[in-house]
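Protein chains in written order, with this note's numbering: chain A, 611 to 768; chain B, 34 to 162.
Written below as structure tokens is the structure these notes are about.
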Amino acid sequence: MSKDSYLSPFSLATSDVLKEMLDINIDGSETASEGDLFVSQGFIVVVGFTGGWKGRFFLDMSSETAIQMASLLTGDDYDSVGDEDVIMSGAELANIISGNAITDINNSQPGLNIRLTPPSVFAGDGISMFNVRLSSSSALMQTNIGTIKINVAVEGGK
Amino acid sequence: MKGLRADGTAIRIMAVDDSPISRKMIKKALEPEGFVIVGEAANGKEAVELYPTIQADVVTMDVTMPVMDGLDAASAIKNINSKQKIIMLSAMGDDDIIKDAKSRGIDDVCAKPFKPDEIIGKIIRILEN
Numbered sequence: 611m612s613k614d615s616y617l618s619p620f621s622l623a624t625s626d627v628l629k630e631m632l633d634i635n636i637d638g639s640e641t642a643s644e645g646d647l648f649v650s651q652g653f654i655v656v657v658g659f660t661g662g663w664k665g666r667f668f669l670d671m672s673s674e675t676a677i678q679m680a681s682l683l684t685g686d687d688y689d690s691v692g693d694e695d696v697i698m699s700g701a702e703l704a705n706i707i708s709g710n711a712i713t714d715i716n717n718s719q720p721g722l723n724i725r726l727t728p729p730s731v732f733a734g735d736g737i738s739m740f741n742v743r744l745s746s747s748s749a750l751m752q753t754n755i756g757t758i759k760i761n762v763a764v765e766g767g768k
Numbered sequence: 034m035k036g037l038r039a040d041g042t043a044i045r046i047m048a049v050d051d052s053p054i055s056r057k058m059i060k061k062a063l064e065p066e067g068f069v070i071v072g073e074a075a076n077g078k079e080a081v082e083l084y085p086t087i088q089a090d091v092v093t094m095d096v097t098m099p100v101m102d103g104l105d106a107a108s109a110i111k112n113i114n115s116k117q118k119i120i121m122l123s124a125m126g127d128d129d130i131i132k133d134a135k136s137r138g139i140d141d142v143c144a145k146p147f148k149p150d151e152i153i154g155k156i157i158r159i160l161e162n
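The structure is reproduced here in structure tokens:
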């Protein structure tokens with residue numbers, strides 16, 4: 611399984627969901643391979659997947675971007691990344707992005723039957739995540755509210 | 034006001050989703066059109082327990098939820114009331130899940146992210162049928 615084959619559906623879903631739910635356009639995007647260490651910009655949502663593929667999806671951004679994203683989604687103003695609505699907005703966006711991506715993958719490869727786990731959210735300075743036995747790939751997306759980084763890791767991915 | 038019947042009474046909705054943001058967005062889409070959210074549940078088990086205490090015209094049901102998922106909850110609600118109208122509202126909508134949903138009697142499917150007009154149209158259509 612190539613990195614493109616598992617990163618592309620998530621990149622496409624991220625672009626579509628940000629446009630449809632928040633009216634955010636992706637101004638530029640680049641892909642990058644990751645080593646064992648993933649350093650967060652300050653706010654990261656993790657969604658796991660099981661079934662035909664085992665792995666996980668990260669939606670990562672700065673705290674400021676997370677706050678702006680929540681404001682765009684709910685129409686309310688927030689001043690802290692610790693606000694429950696900010697945390698839940700990030701979780702819901704990551705859930706929808708990964709749900710849409712996995713739907714496309716399941717439909718294009720019948721029998722995979724990949725399912726998602728509920729999202730987990732981590733916020734704070736200096737958060738590092740280690741990839742244990744997982745190969746991962748990232749896409750960095752430039753938007754008018756900051757850089758959004760997605761990272762997809764699949765067991766056995768190359 | 035699409036959420037009102039000819040006699041002026043509001044169409045009653047039960048929203049089942051583990052995400053409070055998602056429930057907020059359902060309210061935001063429906064309440065301006067006169068629909069009333071008569072009950073909210075954060076997982077399938079809560080939904081099945083709450084369901085007999087309210088009279089909902091339509092249940093919107095997420096799929097991936099903790100404790101009990103939306104497909105099992107829909108089956109349990111259909112066992113209580115086979116005529117209950119249920120719309121699956123989920124980011125996961127692959128062919129296998131849709132087939133499973135239909136086999137459990139779920140009336141329609143709406144993919145997240147949804148537009149207000151889309152979910153309103155589906156609610157009106159399943160009530161007309």
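Where is the CB? At the ideal position from N, CA and C, for every residue including glycine.
Quick caveat, the model's predicted, so the values are computed rather than measured.
Residue interval of the beta strand (DSSP E) (run including residue i)
{"i": "B/E64", "result": "No beta strand (DSSP E) contains B/E64, which DSSP labels as neither H nor E."}
{"i": "A/K759", "result": "G756 to V764"}
{"i": "B/I46", "result": "R45 to V49"}
Within chain A, the residues that residue i reaches when beta carbons sit closer than 9 Å
{"i": "B/P99", "result": "P728"}
{"i": "B/D133", "result": "The contacting residues do not exist; B/D133 stays about 11 Å from chain A at best."}
Among the options, nearest to residue i - alpha-carbon criterion
{"i": "A/F667", "options": "A/E640, A/L744 and A/E630", "result": "A/L744"}
{"i": "A/F659", "options": "A/E674, A/E694, A/N710 and A/S681", "result": "A/N710"}
{"i": "B/K35", "options": "B/D50, B/S55, B/E64 and B/D141", "result": "B/E64"}
{"i": "B/G103", "options": "B/N162, B/Y84, B/A80 and B/A89", "result": "B/A80"}
{"i": "B/I139", "options": "B/I153, B/V100, B/P149 and B/D95", "result": "B/D95"}
{"i": "A/L632", "options": "A/Q678, A/S708 and A/S621", "result": "A/Q678"}
{"i": "A/M724", "options": "A/D626, A/V656, A/E630 and A/G661", "result": "Looking at the sequence itself, residue 724 of chain A is Ile, so the reference to Met does not match. Selected option, being the one with the closest Cα: A/G661."}
{"i": "B/R38", "options": "B/M98, B/A74 and B/E66", "result": "B/E66"}
Proximal chain B residues relative to residue i, where beta-carbon distance stays under 7 Å
{"i": "A/D723", "result": "According to the sequence as given, residue 723 of chain A is Asn; it is not Asp. Going along chain B in sequence order, the residues near A/N723 (Cβ under 7 Å) are D129."}
{"i": "A/S788", "result": "Only positions 611 to 768 of chain A appear in this structure, which leaves residue 788 of chain A out of reach."}
{"i": "A/V762", "result": "Chain B residues near A/V762: none, gap ~16 Å exceeds 7 Å."}
{"i": "A/V627", "result": "P146"}
{"i": "A/N717", "result": "D127 and D128"}
Amino acids of chain A, ordered along the chain, whose beta-carbon sits closer than 7 Å to that of residue i
{"i": "B/G126", "result": "T713"}
{"i": "B/K57", "result": "T684"}
The alpha helix (DSSP H) enclosing residue i, as first and last residue numbers
{"i": "B/A80", "result": "G77 to L83"}
Chain B residues whose Cβ lies nearer than 8 Å to that of residue i
{"i": "A/I706", "result": "A124, K145 and P146"}
{"i": "A/M631", "result": "P146"}
{"i": "A/D637", "result": "Near A/D637 there are no residues of chain B at all, since even the closest Cβ is about 21 Å away, more than 8 Å."}
{"i": "A/E702", "result": "S52, I54 and S55"}
Interface partners of residue i on chain A, CB under 8 Å
{"i": "B/D51", "result": "P728"}
Neighbouring residues, chain B, relative to residue i (Cβ below 9 Å)
{"i": "A/N710", "result": "A124, M125, G126, A144, K145 and P146"}
Subject >> Complete runs of the beta strand (DSSP E) confined to the region 85 to 157 of chain B [at least 3 residues] >> reply: 91 to 94, 118 to 123 and 141 to 144
**OP:** Within the region 624 to 686 of chain A, note down every full beta strand (DSSP E) run reaching 3 residues or more, in order along the chain.
**Re:** 638 to 643, 647 to 649, 653 to 660 and 665 to 671
**OP:** Tell me the start and end of each unbroken alpha helix (DSSP H) in the region 678 to 745 of chain A that is at least 4 residues and wholly inside, in chain order.
**Re:** 694 to 718
**OP:** Mind the definition here: the region 669 to 679 of chain A touches the region 36 to 51 of chain B only if three or more C-beta pairs lie below 8 Å; say whether that holds.
**Re:** no
Subject >> Sufficient close CB pairs (3 or more, under 8 Å) joining the region 616 to 634 of chain A to the region 758 to 767 of chain A >> reply: yes
Original post:
Are there three or more Cβ pairs, one per stretch, closer than 8 Å when the region 119 to 126 of chain B is compared with the region 678 to 691 of chain A?
Top reply: no
Subject >> Segment contact, 8 Å Cβ cut-off, at least three pairs: the region 727 to 739 of chain A with the region 646 to 654 of chain A >> reply: yes
Original post:
Does the pairing of the region 749 to 757 of chain A with the region 633 to 641 of chain A give three or more beta-carbon distances under 8 Å?
Top reply: yes
**OP:** May I ask you to verify whether the region 97 to 113 of chain B touches the region 141 to 151 of chain B, counting CB pairs closer than 8 Å and requiring at least 3?
**Re:** no
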